[in-house]
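Residue numbers (this note's numbering): 349 to 523.
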């Protein structure tokens, strides 16, 4: 499956089914069936934004659609206890069932891929750089935000086995 390369439990980042479908040309329904048969682990992802006001909920609702909800922090993990925050669901993250292969084999495969690259077999020669949106810490997210403030930048927050919370540096176009 596509997620066989996603082996590191801590480094998993969200990826949408439409993105996987665009990369693999496999429909989402078929993806779910493959994942169930292969034993791919799935984890829900949520982002927590700023304090909830009517305007911030509406602005984020236009951006994220039905995934937006109001999060009440009872325990004070995001700030003062009892405050309400704007939150929304992100795409799930996945971890494949396969173990990572030894380095010796990896070097051989990379050498073969380099040969393919040199022969021009990688496509039509166009290179597009996809802007990263998910980072392991706030420092990396802030550096990326300074380069591109027109999109949201997320960094990993707290989580447990069922879900992962992400902090967000919101785009300057929101509002």
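For every residue, glycine included, the Cβ atom is placed at its ideal position computed from N, Cα and C.
Rounding to the nearest angstrom, what Cα-Cα distance links residue i and residue j in this structure?
i           : j           : result
residue 437 : residue 506 : 15 Å
residue 379 : residue 442 : 12 Å
residue 402 : residue 411 : 15 Å
residue 494 : residue 503 : 15 Å
residue 400 : residue 483 : 24 Å
residue 377 : residue 363 : 16 Å
residue 404 : residue 518 : 11 Å
residue 385 : residue 367 : 21 Å
residue 424 : residue 389 : 30 Å
residue 512 : residue 451 : 30 Å
residue 408 : residue 456 : 47 Å
residue 421 : residue 398 : 12 Å
residue 499 : residue 520 : 8 Å
residue 393 : residue 447 : 23 Å
Check the DSSP bridge columns for residue i and list the partner residues they point to.
i           : result
residue 396 : 435, 515
residue 419 : 433
residue 442 : 390
Taking only three categories from DSSP, how would you classify residue i?
i           : result
residue 506 : strand
- Message: Count Cβ pairs between the segment 365-375 and the segment 414-430 that sit closer than 8 Å; are there 3 or more?
- Response: No, the segment 365-375 does not touch the segment 414-430.
- Query: Which runs of the alpha helix (DSSP H) spanning at least 4 residues fall entirely within the segment 355-379, listed in chain order?
  - Reply: 365-372
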